[in-house]
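Report on one structure; see the data block that follows.
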Amino acid sequence: MPSTVKGVIARGKGDPVELVDIVIPDPGPGEAVVAIQACGVCHTDLHYREGGINDDFPFLLGHEAAGVVEAVGEGVTEVESGDFVVLNWRAVCGECRACHKGQPQYCFATHNATQKMTLTDGTELTPALGIGAFAEKTLVAAGQCTKVAQADPAAVGLLGCGVMAGFGAAVNTGGIQRGESIAVFGCGGVGNAAIAGARVVGATTIIAVDVDDRKLSWAKEFGATHTINSREEDPVEKIRELTGGFGADVVVEAVGRPETYEQAFYARDLAGRVVLVGVPTPDLEVTLPLIEIFGRGGALKSSWYGDCLPNRDFPMLVELYRQGRLDLEKFVSERIDLDAVEGAFAKMHEGTVLRSVVVL
1 MPSTVKGVIA RGKGDPVELV DIVIPDPGPG EAVVAIQACG VCHTDLHYRE
51 GGINDDFPFL LGHEAAGVVE AVGEGVTEVE SGDFVVLNWR AVCGECRACH
101 KGQPQYCFAT HNATQKMTLT DGTELTPALG IGAFAEKTLV AAGQCTKVAQ
151 ADPAAVGLLG CGVMAGFGAA VNTGGIQRGE SIAVFGCGGV GNAAIAGARV
201 VGATTIIAVD VDDRKLSWAK EFGATHTINS REEDPVEKIR ELTGGFGADV
251 VVEAVGRPET YEQAFYARDL AGRVVLVGVP TPDLEVTLPL IEIFGRGGAL
301 KSSWYGDCLP NRDFPMLVEL YRQGRLDLEK FVSERIDLDA VEGAFAKMHE
351 GTVLRSVVVL
């Protein structure tokens, strides 16, 4: 039987979110219903509310989530009822050209549940990133469920988006290695996850760059060995000073602005790697001298979801957390109820939290 549960929706562009009754259908073939235990409040959810993704309102918000599988549909073998899972927004197809090349982390045909969740009047909801986890239950494609060892859902649920994006930008995309140097521009949740990833793999010089001393203080807690307030000093010159005059081996740009991307470009060593993980708006452009792109060698990369493969990366990161080597709980600034999402958006704007996490 379909379930009626509470969920947080954005009904129109810029409107305050609402806590309403929503209907969750029984899982069909290839689908799963998950009872949500915790879900982080991510900036992407705010983008949905503001119409920055598309205009397919009403949206069922929330996507950084962990919970327990309640039921599965026909043909599902990945998970079963009772499994503790972290949700992801890239259920790989196994059939596209990326999957056939043995690179499923780049799958070009990821998918979501086929059926729609609705309001009680039948209005179809668009789930944020195909998940919609600001709800007591949600319906997803079974491939969006990654079984992991039991752990604090408020902490490990953050692997579903921001933490994985930042960790993967440094480790998967940037290929940071032990003994190397890394600079990270932007020390919110994604940037600090990149810093934490660099520390886990053994980077010896980890430089955090931001305009907010509070965020730089957070960066130190995650493993930054040096901090730079770019309002007060030139980050390119300072990064070179901290790296023997050469620049960093890897530079992660977690802001998504032309100004910071240009700084990241000039702050890398010869043959260094620049990784863009900050999400720019469509109108932004960057101009760089072509001779500098050629002359510096190395690589300019973009990192989408940290180039992750959830069934490979999520269990590994949960195990690092359980071993005390990756402190996911540091990302959890506060635990809130389902009716406090609008207030969490305000705190996000103010920059006073890394992550508010809804706990059900």
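Residue numbers 1 to 360, in UniProt numbering, belong to the letters of the sequence shown in order.
Every residue gets a Cβ at the ideal spot worked out from N, C-alpha and C, and that includes glycine.
Note that the coordinates shown come from a computational prediction; the quantities given were computed from them, not determined experimentally.
- Residues of the same chain with a CB within less than 7 Å of the CB of T227, apart from the 5 flanking positions on each side, are A208, L216, A219, K220 in chain order.
- Runs of beta strand (DSSP E) with 3 or more residues, each lying fully within the region 186-251, are found at 205-210, 226-229, listed in chain order.
- By the criterion of a C-beta distance shorter than 8 Å, R199 is surrounded in its chain by I206, F222, G223, once the five residues flanking it on both sides are discounted.
- Around the Cβ of I293, a 10 Å sphere holds fewer than 16 other Cβ atoms; the residue is exposed.
- In this structure, the CA atom of A194 is about 20 Å from the CA atom of R90.
- A distance of 7 Å or more separates the beta carbons of T204 and G175.
- In this model, P153 and D210 are separated by some 29 Å (Cα to Cα).
- Note that the C-beta distance between D45 and L60 is not below 7 Å.
- Here the C-alpha atom of D234 lies approximately 10 Å from the C-alpha atom of A267.
- Counted as a single uninterrupted DSSP element, the alpha helix (DSSP H) harbouring F314 occupies residues 310-322.
- Taking 4 residues as the minimum length, the alpha helix (DSSP H) runs contained wholly in the region 35-61 are 43-49, in order along the chain.
- If you draw a straight line from the Cα of F84 to the Cα of L320, it is about 17 Å long.
- Apart from sequence neighbours up to five positions away, the residues of its chain that approach K301 with a beta-carbon distance below 6 Å are T173, V275, ordered along the chain.
- If you draw a straight line from the Cα of E80 to the Cα of Y305, it comes to about 26 Å.
- Residues of the same chain with a CB within less than 8 Å of the CB of D337, apart from the 5 flanking positions on each side, are V358, V359 in chain order.
- Between the alpha carbons of M117 and V286 lies a distance of about 40 Å.
- Rounded to the nearest whole angstrom, the CA to CA distance from I53 to S181 is 35 Å.
- Assigned with DSSP and collapsed to three states, G94 falls in coil, not helix or strand.
- Secondary structure note for E329: it is in no alpha helix (DSSP H), with a DSSP letter that is neither H nor E.
- From the listed residues A113, T146, G132, the smallest Cα separation to G82 is found for T146.
- Contact check for T260 against E253 passes: the beta carbons are separated by less than 7 Å.
- For Q115 and P25, the gap between their C-alpha atoms comes out near 8 Å.
- Residue burial annotation: K13 is exposed, with fewer than 16 other C-beta atoms found within 10 angstroms of its C-beta.
- A check of alpha carbon separations from D327 across R335, E334, V318 identifies V318 as the nearest.
- For T281, no beta strand (DSSP E) segment is defined, and its DSSP state is neither H nor E.
- Inter-residue distance for A38 and A271 is about 42 Å (C-alpha atoms, whole angstroms).
- Judged by DSSP secondary structure, E342 falls within the alpha helix (DSSP H) whose first and last residues are 341-350.
- DSSP places E70 in the uninterrupted beta strand (DSSP E) bounded by 64-72.
- The criterion of a C-beta distance shorter than 7 Å is not satisfied by V171 and G202.
- Your pair G75 and P27 does not check out as a contact, with CB atoms roughly 10 Å apart and the cut at 8 Å.
- Note on geometry: alpha-carbon atoms of L19 and E329 lie some 27 Å from one another.
- In this structure, the CA atom of T126 is about 22 Å from the CA atom of C107.
- Around the beta-carbon of R335, fewer than 16 other beta-carbon atoms lie within 10 Å, marking it exposed.
- Here H43 has M348 as same chain residues with Cβ atoms under 7 Å from its own Cβ, once five neighbours each way along the sequence are excluded.
- Residue range 258-266 is occupied by the alpha helix (DSSP H) that includes E259, with no beta strand (DSSP E) assigned at that position.
- For P25, the secondary structure class from DSSP, reduced to helix, strand or coil, is coil.
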